[in-house]
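Undergrad:
In the numbering used here, the protein residues as written are 145 to 247.
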């Protein structure tokens with residue numbers, strides 16, 4: 145099994161790793177690289193809804209310009225979060241409605 149070449153803090157290959165890649169001992173992969181830059185502008189991941197990411201980014205920019213909001217809305221764009229909201233939120237509303245009807 146081939147191991148992945150080690151990188152420096154800024155993402156460049158270390159000199160020893162460079163030699164190992166050239167000799168074929170290890171693979172050079174960009175999977176281990178992390179995005180360097182503002183988290184709001186990172187590429188859209190496969191588990192995120194692209195349309196929702198773009199919409200939330202525009203809303204976030206608008207709210208930041210107005211000074212009303214200081215957090216990232218990007219986490220709401222994942223399919224998992226979307227599914228949880230679609231399932232959990234109606235249950236919360238149902239429980240709240242039932243409690244309201246009881247009193």
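Ideal Cβ positions, reconstructed from N, Cα and C, are used throughout, including at glycine.
Cα separation between residue 167 and residue 156?
TA: For this step, residue 167 is matched to residue 23 along the chain shown. For this step, residue 156 is matched to residue 12 along the chain shown. Approximately 18 Å between the Cα atoms of the pair.
Undergrad: Below 8 Å on the Cβ atoms is my contact criterion, and I expect residue 179 with residue 222 to pass it. Report the Cβ-Cβ distance as a whole number of Å.
TA: Your numbering for residue 179 matches position 35 in the chain shown. Your numbering for residue 222 matches position 78 in the chain shown. With 8 Å as the limit, residue 179 and residue 222 do not qualify as a contact, their Cβ atoms being about 16 Å apart.
Undergrad: So, with DSSP's three-state summary, where would you put residue 169?
TA: Looking up residue 169 in the chain shown gives position 25. The answer is coil: DSSP assigns residue 169 none of H, G, I, E or B.
Undergrad: Does DSSP put residue 204 in a helix, in a strand, or in coil?
TA: Position 60 of the chain shown, counted from the first residue, corresponds to residue 204. DSSP places residue 204 in helix when its eight states are reduced to three.
Undergrad: Can you have a look at residue 197 and say buried or exposed, based on whether 16 or more other CB atoms are within 10 angstroms of its CB?
TA: Stepping through the chain shown from its first residue, residue 197 is reached at position 53. By the neighbour-count rule (16 or more Cβ atoms within 10 Å), residue 197 is buried.
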